[in-house]
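Asker: In UniProt numbering, the protein residues as written are 1 to 379. Got a structure here, written out as structure tokens. Questions coming.
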DNA sequence: AAACCGGGGCA
DNA sequence: TGCCCAGGTTT
């Protein structure tokens, strides 16, 4: 089998096992640019103390530099070492994080400090593989910490770096997808310099944060301009490829509007789930997923509606009111309100979760906004 | 209103 | 293992 290999196959096999896309000029240009034009005055750049580097990297996840600055300073004052942080109470830590957002970061931070003290005598490991086992530290953050603190040559790949690489190498496809992300990690690793890893890593971050921005990048000042494929192809606006918008989920619900002598029938919703614990209109069949192209098959549900209404009075008429919809974070709810009239209200209410409520009190009742709006138009 | 985001958590 | 989410900010 080996003897049948063509020369080109052999070459491919070799290049597979070695870093591909090697390009020493890329790192050289980036390092030179960083030293001259990059950011050097940030507080966490004044030390290679792993504790400070780690703290800054965690704070900078999903948070901009300007927002982090005051928190970083205050945090260091109160917790000057990993030991101080490990010994602090959760309340103290959360207090200092309060306002930064993404509070699981703070919980992971505290837990991580305790682990570093317990497992590593307060010394953050220099091996990115070990760093990555700690809570709140992923592959990219581990590489950044070890590079800045110990000079370890390891690749980062955060959102800024993805954007830079996708543009410079005109990488098509959504960078969040597995194959594209894998390809970008390969690039990031192959491009690593043999020295100046701090300036290189900082340069990647600076370039993405200051010049190679999402919108209207400053290509005229970019050290990569002559080698940027997206620039050459006039595609900086379309690269990196945006996340494919996930198709909207739709749910439908049939809701009953039973109004009699100035009162409306409401139902207490379960504590969990949408509109948890609020009063709402009684619902038939629950909220069901449906395709946007489908038409609500209301006729199938009319018997159930008739039966429910019948518990509360002598049904005389039912008619569908106009549909309305309401957008939630994860789906769009389409509601068909079904209006009923009764000639006489039964004395007994079938279940305690149903309550007759004065229409005059609707505006001050704890109802979901779209339901309240509907009822107010009927009042 | 819609895109974006590193890591965690869960199918 | 791979996908999706929570919980924020920015455009």
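Heads up, the beta-carbon is just placed ideally off N, CA and C, and yes, glycines get one too.
1. In the DSSP output, what is residue 357 paired with across the bridge?
2. Looking at residue 143 and residue 125, is the spacing between their C-beta atoms short of 8 Å?
3. Mind pulling the beta strand (DSSP E) runs of 3 or more residues that sit fully within the segment 283-328?
4. Can you say whether residue 223 is buried or exposed, counting buried as having 16 or more other CB atoms within 10 angstroms of its CB?
5. Check the C-beta distance from residue 192 over to residue 153 and give it rounded, since I have them as a contact under 8 Å.
6. Would you call residue 216 buried or exposed, if buried means 16 or more other Cβ atoms sit within 10 Å of its Cβ?
7. Return helix, strand or coil for residue 339, following the three-state DSSP convention.
8. Check whether the Cβ atoms of residue 63 and residue 148 sit closer than 8 Å, and answer yes or no.
9. For the candidate residues 61, 360 and 376, whose alpha-carbon lies nearest to that of residue 205?
10. Alpha carbon to alpha carbon, how far is residue 237 from residue 213?
11. What does the Cβ neighbour count give for residue 203, buried or exposed, with the cut at 16 atoms within 10 Å?
12. Please report the distance separating the alpha-carbon of residue 315 from that of residue 176.
13. Should residue 303 go down as buried or exposed, given a rule of 16 or more other Cβ atoms within 10 Å for buried?
14. Checking 8 Å against the spacing of the C-beta atoms, do residue 267 and residue 354 come in under that value?
15. Could you tell me the alpha carbon to alpha carbon distance between residue 65 and residue 249, rounded to whole angstroms?
16. Within the same chain, show all residues whose beta-carbon is closer than 8 Å to that of residue 233, passing over the 5 residues directly before and after it, in chain order.
17. Contact defined as beta carbons within less than 8 Å: I believe residue 255 pairs with residue 282. What is the distance between those atoms, to the nearest angstrom?
18. Classify residue 74 as buried or exposed, calling it buried when 16 or more other Cβ atoms lie within 10 Å of its own Cβ.
19. Nearest CA to the CA of residue 195: which residue from 150, 211 and 375?
20. Considering Cα atoms alone, identify which of 118, 106 and 140 is closest to residue 95.
21. Cα separation between residue 86 and residue 120?
22. Between which two residues does the alpha helix (DSSP H) containing residue 226 stretch?
23. Please identify the residue among 265, 264, 257 and 253 whose C-alpha is closest to the C-alpha of residue 274.
24. Between residue 166 and residue 239, how many whole angstroms is the CB-CB distance? I'm expecting something under 8 Å.
25. Helix, strand or coil, according to DSSP, for residue 154 in the structure here?
26. For residue 111, which residues in the same chain have their Cβ closer than 6 Å to its Cβ, ignoring the five residues on either side in sequence?
27. Would you report the Cα separation of residue 101 and residue 69, rounded to the nearest angstrom?
28. For residue 336, I'd like the list of residues in its chain whose CB is within less than 8 Å of its CB, leaving aside the five on either flank, ordered along the chain.
29. Since residue 83 and residue 117 should fall inside the 8 Å C-beta cutoff, what is the C-beta to C-beta distance between them, to a whole number of angstroms?
30. Would residue 51 and residue 81 be called neighbours here (beta carbons separated by less than 8 Å)?
31. Give me the Cα-Cα distance between residue 89 and residue 22, rounded to the nearest whole angstrom.
32. So which of 360, 352 and 327 has the shortest CA-CA distance to residue 408?
33. Looking only at DSSP bridge pairs, what is residue 371 linked to?
34. Could you check what DSSP says for residue 45 in three-state terms: helix, strand or coil?
35. Can you check which of these residues, 230, 327, 57 and 352, is closest to residue 43 by C-alpha distance?
36. Tell me, to the nearest whole angstrom, how far the beta carbon of residue 172 is from that of residue 241; I am working on the premise that it is less than 8 Å.
Answerer: Based on what the coordinates show:
1. Looking at the DSSP output, residue 357 shares a beta bridge with 264.
2. Not closer than 8 Å, so no.
3. Positions of the beta strand (DSSP E) runs, each at least 3 residues long and wholly inside the segment 283-328, are given as 283-289, 313-320 and 324-327 in order along the chain.
4. Buried.
5. With a contact defined as Cβ atoms closer than 8 Å, residue 192 and residue 153 qualify at about 5 Å.
6. Exposed, because fewer than 16 other Cβ atoms sit within 10 Å of the Cβ of residue 216.
7. Three-state result, residue 339: strand.
8. No, these two residues do not count as a Cβ contact at 8 Å.
9. Answer by Cα proximity: 61.
10. The alpha-carbon atoms of residue 237 and residue 213 are separated by roughly 10 Å.
11. Flag for residue 203 reads buried.
12. Straight-line Cα distance between these residues: approximately 56 Å.
13. Per the 10 Å Cβ criterion, exposed.
14. Residue 354 sits close to residue 267, with the two beta carbons spaced by under 8 Å.
15. A straight-line Cα-Cα distance of about 36 Å links residue 65 and residue 249.
16. If you ignore the 5 residues before and after residue 233, its C-beta comes within less than 8 Å of the C-beta of 170, all in its own chain and listed in chain order.
17. Beta-carbon to beta-carbon, residue 255 and residue 282 are separated by about 7 Å, close enough to satisfy the 8 Å threshold.
18. Exposed: under 16 other Cβ atoms inside 10 Å.
19. The shortest Cα separation from residue 195 among 150, 211 and 375 belongs to 150.
20. Among 118, 106 and 140, the Cα nearest to that of residue 95 is on 106.
21. Pairing residue 86 with residue 120, the inter-Cα distance amounts to about 13 Å.
22. Where residue 226 is concerned, there is no enclosing alpha helix (DSSP H), given that its DSSP letter is neither H nor E.
23. Ranking 265, 264, 257 and 253 by Cα distance to residue 274 puts 253 first.
24. Distance from residue 166 to residue 239 at the Cβ level is roughly 5 Å; contact confirmed, criterion being Cβ atoms closer than 8 Å.
25. DSSP places residue 154 in coil when its eight states are reduced to three.
26. Contacts found: 135.
27. Their Cα atoms are separated by approximately 14 Å.
28. Within the same chain, residue 336 has close Cβ partners 252, 253, 254, 255, 296, 298, 320, 321 and 323.
29. 6 Å between Cβ atoms; contact.
30. Going by C-beta atoms, residue 51 is nearer than 8 Å to residue 81.
31. Annotation: residue 89 to residue 22 spans about 48 Å, alpha carbon to alpha carbon.
32. Because the chain is modelled from 1 through 379, residue 408 falls outside the range shown and cannot be assessed.
33. None, per the DSSP bridge assignment.
34. Note: residue 45 maps to helix in three-state DSSP.
35. Nearest of 230, 327, 57 and 352 to residue 43, Cα basis: 57.
36. Yes, residue 172 and residue 241 are in contact; Cβ-Cβ is about 6 Å, under 8 Å.
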